[in-house]
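Worksheet for the structure shown next.
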Amino acid sequence: MDHHTHSTAAPRELQMARSMCWHCQSEVAGEYFCDRCVKVQPVSKEVDYFTCMSLPRRLTIDQRQLETKFYELSRAFHPDFYQNKSTAEQTISLGNSALLNTAYRTLRDPIERAEYLIGLEAGSVKEIRNSPPADLFEEILELQDTLNEYRATDCTSETKSTVLAKLQAERELLEQRQRDMEAALQQLFIQWDRLQDRAEATDQARAERSRILKQMRENLSNRTYVKNIVSDLASTIG
Amino acid sequence: MAYSDKVVDHFNNPRNMGSFKKDEEGVGTGMVGAPECGDVMKLQIKVQNDTIVDAKFKTFGCGSAIASSSLATEWLKGKTIEEAQKIKNTDIVQELNLPPVKIHCSVLAEDAIKAALADYQKKSDGVLTDAK
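Take a look at the structure:
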């Protein structure tokens, strides 16, 4: 999506700005309240979390800004303030609050934020699903065998301590790998943001966007596999 | 959420757990993963005269994923390649009584079957071309 031309940037804002008030049918220009009758307006399901929080689609965000917006909107939508209002308004307040909470929780966490952004952008990226990392899978399955062996052996036996040492070494390697993946992910976030800030609509920029999204997707799923086996290791060997 | 009796049974007594050597003749290997939950599944078939004579699996994941792949290997044995292609994830869902949140485990098992069959076919095609 382009941000530098009015023609393409406008539709997204239109969803909120130019809707009709459900109560007085006048055009709503304000963000979440009708200017004429001051009734709360439902946040459209089409609005993505970034737009909802007035944030650009970037991966490094200002946490303070996110929090401030969250508190501001929480106060505006909180069901407690609608107890004496109509049922329609109460329903809107509940729906908006739920959406707001999910939006905040998603954007607050860097990994969830990235997952969400990829989901939003995936429409423009073909073949985002990566081929399975066969080496990593083999490693995980092999490690699982060792884990089973460890669980099955007698606590006092000598084999147990040998297997334990092997598992501990594996765990350290995997944890290092997870840190490396997260560092690589951080780099991709920075690249994505630079590209977003430049807001170019050239073929080259589009190709670059696809590449970054695909790499992020790949990195995130590999990270999930590694994270899973690491937590399985941790719960078994302590 | 409780697992169905069939899932528990497959989980406690997994059928055909283990693996074949990848480069063994007639062996097809399917290796798939679910990036959403981090489950990993390896499913292998051993084919003789177009019939699957043996199947093995190794799965790292939840009980439903293990049960789905265990069941898949049971079903594969004795089937022809063509019959095996017809196994659908919905059959697994039905047999194991999987709840909606675990449907992706059956999808993973179907993907693993497809991948193993494709790998076998690729390998056997290769043998034919080499023979020419």
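Protein chains in written order, with numbering that gives the first Met the number 0: chain L, 0 to 237; chain S, 0 to 131. Glycine residues also receive a C-beta, built at the ideal position from the N, C-alpha and C atoms.
Just the C-alpha distance for residue i and residue j, rounded to the nearest angstrom, thanks.
i	j	result
Glu111/L	Ser25/L	37 Å
Leu172/L	Gln40/L	52 Å
Asp90/S	Ile102/S	11 Å
His77/L	Ser92/L	6 Å
Glu126/L	Arg14/S	Here Glu126/L scores only 46 on pLDDT, less than 50, and its place in the model is too uncertain to base an answer on.
Glu88/L	Val37/L	11 Å
Ile86/S	Ser68/S	12 Å
So, does the CB of residue i fall closer than 8 Å to a CB anywhere in chain S?
i	result
Phe136/L	yes
Asn227/L	yes
Tyr224/L	yes
Ala113/L	no
When the distance is taken between beta carbons, is residue j closer than 8 Å to residue i?
i	j	result
Thr152/L	Thr158/L	yes
Ile236/L	Leu163/L	yes
Gly62/S	Tyr2/S	yes
Ser18/S	Gln43/S	yes
Arg56/L	Gln195/L	yes
Asp118/S	Gly29/S	yes
Arg113/L	Leu58/L	Sequence inspection shows Ala at residue 113/L; the Arg mentioned does not correspond to that position. Yes.
Ala182/L	Asn218/L	no
Ala83/S	Leu95/S	no
Start and end of the alpha helix (DSSP H) containing residue i?
i	result
Ile110/L	Pro109 to Glu120
Ala220/L	Reading off the sequence shown, one finds Ser at residue 220/L, where the question assumed Ala. Looking at the DSSP string, the run of the alpha helix (DSSP H) that includes Ser220/L is Asp202 to Ile236.
Asn147/L	Ala133 to Ala151
Tyr70/L	Gln62 to Phe76
Assign residue i to buried or exposed, taking buried as 16 or more other Cβ atoms, counted over all protein chains shown, within 10 Å of its Cβ.
i	result
Cys33/L	buried
Gly125/S	exposed
Asn95/L	buried
Thr72/S	buried
Pro34/S	buried
Glu66/L	exposed
Pro99/S	exposed
Ser234/L	exposed
If I follow the unbroken beta strand (DSSP E) through residue i, where does it start and stop?
i	result
Val100/S	Taken as a continuous stretch (DSSP letters only), Val100/S belongs to no beta strand (DSSP E), as it is neither H nor E.
Leu42/S	Asp38 to Gln47
Asp53/S	Thr50 to Phe59
Thr28/S	Val26 to Ala33
Flag residue i as yes if its beta-carbon sits less than 8 Å from any beta-carbon of chain L, otherwise no.
i	result
Pro34/S	yes
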